[in-house]
Every structure is written in structure tokens, then in C-alpha cells.
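Participant: I have a structure I would like to understand better, so I am pasting it below and will then ask my questions one at a time.
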Amino acid sequence: MPPRTVFSCSACGHESPKWHGRCPGCGDWNTLVEEKPQKRSASSRTARRGAPVRLADVQAPAIARFSTGIGELDRVLGGGVVPGSVVLIGGSPGIGKSTLTASALGNLAAERKVLYITGEESPAQVKLRAERLGPAALEVPIVAETDLDSVVATIEAEQPDVCVIDSVQTLYAPDLTGAPGSVGQVREVAARLMRVAKERGVATVLVGHVTKEGALAGPRVLEHLVDCVLQFEGERERTYRTLRALKNRFGSTNEVGVFEMRNDGLAEVADASARFVAEATRAPGSVVLAAMEGTRPLLVEVQALVAPTELVPPRRVANGVDRNRLALILAVLSRHGGLALGASDVFVSLAGGVRVDEPGADLAIALALASAAKGMPLGAERPLAAFGEIGLTGELRAVAHHERRVTEAEKFGLAPVLAPGDAGTLRQALARALSPSAQMAA
Ligand code: TYD
Ligand code: MG
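According to this note's numbering, the sequence shown holds residues 2 to 443 in order.
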């Protein structure tokens, strides 16, 4: 039978024998592209290779890890790079993926064999970047190549301990028809590199670009394949960047690393709370959120602006917090907090370009909105710190790590902290925060 053509969706990877204007899998328009079907092995019946083994008898040596010399990166990876593992680092262009991987390889080069494969930039461009990162980064051997066969041959010949592919979207397998970066190509590239990684024990870091919508072919369809998916986030114009694990076969997915883009590369921000609190003010619309980023408490300023509008519907702009969460908080404020903002534009933003995705942020956002709407500063002398989840009926709900959040806020002189327990409902919390005595007290 001649090989049939398949059409696969560049957004979700759905495969269909026919072209559709709209993907039957995810409903996106114009995302189906033609691919040559995956090759199947000639004989589908293979002799059995091994008998089942009782799990207790499976040999599982303790995982040794290579430290990248970047504490925040090691922590997000679960303690360093695992030999033979495949890590995907996704992020929008310009966020600092090449910078991060280049400095990590530079540090690793002192003790390990490393290799940097660039398909995106010329060796001269990579060198220019490395010069900014310092002498260690200049020790990294580099190969500029986009042909997958040649890349695989290079890796097999060099046998590095750690190899970075920058980026997975620029490599192409010559025996497939799709353009580099198409779903079929990206899948094939990742699968082949994965095989080499596992067979030769080469820890492989795949760099992948993702657009704001996560739409670009690639990283999304690779998530199930690789061992670890790291997401590099932040706004290009801002200095702070966060690195979080979306998937990690060798560690927790709660860890978040905070970095700052400087002139000489990415610097780790170990004392993120101190930075963000120092920048917080007592202006109306400002509240410090005592958040948890993985196992680490993080204080970050929430800012809100509420302004009358003629627009229908009014503007709802959320930076660093989920839009739907903001909509929910606005609805609860109006229904259960006596604060209707239907005729106002609302802007909410987390300072420093940080992103917080946890329900514990609700109360701080609600208080910042109320403070902005009423033009009243919160907290006495120092900014008010708060955390807690808001339920649909206007109740405040406890969130994890209550003690650690309070302790972190106290460490930076932000006491008392408004949290679930101090108030049972959003209405009570608003009354407490906005009452003149609360602002005088403490
Ligand atoms: P880059 O690592 O090339 O991003 P990506 O690989 O994710 O596309 O770097 C992104 C930006 O960071 C670039 O605009 C230049 C800037 N930058 C610095 O500010 N300082 C530095 O030391 C370096 C190397 C880059
Ligand atoms: Mg790059």
C-alpha cells in the first residue's frame, strides 16, 4: 500500500487523513498541515526480548546529577541535570533561553564534556553572546548545523555528557517533507534525539520557541515525549524572568526559579521577596501578596488601577495573573463585597513582570482593587500584606503554607498579614483593610 499522507494540526498534534479548515481536535482554524506519515517498522511481530521483572528486583542506581552551576536552574530541574535525560526549555523569543543554556554549558564545561548545537544563530553570534557571559561560556564547543542526520552523527561521534540543541524547531529530517518547525519535523527531530540521548546517556536540552498563545508547532507536541519541560516566562521588556517546571520525571513541578536579565547575562535572584517588597509603596491600589512559588514563599506587589470608562464592555487587563481569575474576583467583589466596577476600566499587574498562578492571590487582588477604587491606601506605614482564596459565595478559604507566608511577610516587616482566619468573608476582609482604625493601628 502506498504511504498515505496525513494532515496534522500544528496546535494540538491531532492527525486526520483529510484536510480540514478547522482542526477536529482542538477547533483552531487553519492549523492542519500536510505531513508524510510516520515510518512503521517492516515486521510488526518481534521476538520477545525480556521476561517481566518484579519491580523490587529492578536495578535502580541512585540518580547522579550534574550541577549547572546555576542554583535556580538546578532547583527547578530537581537538583541538577540527570544524565541521559531530555529537557525541553520553552519560552517566547528573546526571553533568554540561549543565554541560560549557554551559561549553564559554560559552567558544566569545567568538569563535563559539553556540546552546543545551534541551528538558529551563526557561531559568531553565539560567540558574541558568550563574551558577555564571561570566560567559562567561551570554553563551550559549538556546531552550527540544521540537518538532523548530521546532528545525530555529531553527537554520536562526540559523545558529550550534556548537549544543547538551540532550537529544536530549526532542525529538519531530510527524509520528511514538512518544513522545519512543522509538527511532523519537530516530532521526528525530538524522537531521534531522544533515542540518542537514551542510548548514549547524553543529557539533551532542547530549546523550543513558544508564542504567547503557545501556538507555534513544536513544544506542545513534545511535552509527553521528554522527561522534563521547563517554561521560561516573563516579559521581554522587564528584567525579571521566572523558570518553572511544567513536567519533571526527576523532581517536583512546583519549583520556580527567578532570574534577572543583566548586561552580563542572567543573574539569579535568590532574595526575590526583598527586591519586590523594597519596590512596594503604600499608594492606593497597592497590596503585597504573600505567595508561594513552589516550596519558597515569595512576596510580590499587586497593583490595581480602576478608572471610569465609556467603553462597553469595559477594559479588563491582567498582567501576571489569570484573566479569568480576575473576572471571578470582580464578580465576587460586586456581588458580595458591595464594590461594583462594571462602569470602570480595571488593570491589575504584578510588579516586576512576575506571574503568579495560585488561588492564594485572590484576596490581595481584591484588596488592591478596592483600595484603587476608593483611592485609599492600605496598611499602616508599611504596605499591607495579604493572601487567601476567595470562594464564589464570598467566603475566604484557607490556602496551603499559611505559616510560611506569614513568617515571610513578618521577616520583611509587613505585619499584621490579612489572611483567611482573620476574616471569614471577603466583606469582612474589606472592612478590616479599609477601616481607618486598621490603617492607624499596628
Ligand atoms: P536570548 O538568550 O538570545 O533569548 P532567546 O534565546 O530566548 O531568544 O536573549 C534575549 C535577550 O536578552 C536579548 O534581547 C539580549 C538580552 N541580553 C541581555 O540583556 N544581557 C545579556 O547578557 C545577554 C546575553 C542577552
Ligand atoms: Mg535563542
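The beta carbon of each residue, even a glycine, is placed where N, CA and C say it ideally should be.
1. What do you reckon, is the C-beta of K128 under 7 Å from a heavy atom of the ligand MG?
2. Return the CA-CA distance between K375 and A204, expressed in angstroms with no decimal places.
3. If you measure between the beta carbons of L106 and V141, is that distance less than 8 Å?
4. Is E132 near the ligand MG, in the sense that its beta carbon is under 7 Å from a heavy atom of that ligand?
5. Just to confirm my understanding: we take Q232, look at its own chain, exclude 5 residues before and 5 after, and list those with CB closer than 6 Å. What are they?
6. Rounded to whole angstroms, what is the Cα-Cα separation between A371 and S17?
7. Taking 7 Å as the cut-off, is the CB of P421 close to at least one heavy atom of the ligand TYD?
8. Could you give the residue range of the alpha helix (DSSP H) that holds D75?
9. Would you call T171 buried or exposed, if buried means 16 or more other Cβ atoms sit within 10 Å of its Cβ?
10. Is I9 helix, strand or coil by DSSP?
11. Return helix, strand or coil for N249, following the three-state DSSP convention.
12. In chain order, which continuous runs of the alpha helix (DSSP H) of length 4 or greater are located wholly inside the segment 79 to 121?
13. Distance, Cα to Cα, P298 vs F251?
14. For the alpha helix (DSSP H) that H337 lies in, which residues bound it at each end?
15. For a test of the three-state rule: what should DSSP assign to M377, helix, strand or coil?
16. Spatial neighbours of S168 within its chain, please: C-beta separation below 8 Å, excluding the five flanking residues on both sides.
17. Below 8 Å between beta carbons: does that hold for G354 and G258?
18. Indicate the three-state DSSP secondary structure (helix, strand or coil) for A138 in the structure shown.
19. Can you give me the Cβ contacts of A424 inside the same chain, cut-off strictly under 7 Å, excluding the 5 residues immediately before and after it?
20. Relative to the ligand MG, is the shortest distance from any of its heavy atoms to the C-beta of S436 smaller than 7 Å?
21. What residues in its chain sit with their C-beta under 6 Å from that of G26, if we drop five residues either side in the sequence?
22. Using the beta-carbon count (16 or more within 10 Å), is E409 buried or exposed?
23. What ranges does the alpha helix (DSSP H) occupy inside the segment 390 to 440, keeping only unbroken runs of at least 4 residues that lie completely in it?
24. State the DSSP-derived secondary structure class of I156, mapped to helix, strand or coil.
25. From the DSSP output, in three-state form, read off E269 for me.
Facilitator: Quick answer:
1. no
2. 55 Å
3. yes
4. no
5. G91, R245 and L247
6. 50 Å
7. no
8. G72 to L78
9. buried
10. According to the sequence provided, residue 9 is Ser. The question's Ile does not apply to it. Correct three-state label for S9: strand.
11. strand
12. 98 to 109
13. 22 Å
14. R324 to H337
15. coil
16. K98, G120, E121, L207, V208, G209 and H210
17. no
18. helix
19. L397, A430 and R433
20. no
21. C10, C13 and H15
22. buried
23. 403 to 412 and 427 to 435
24. helix
25. strand
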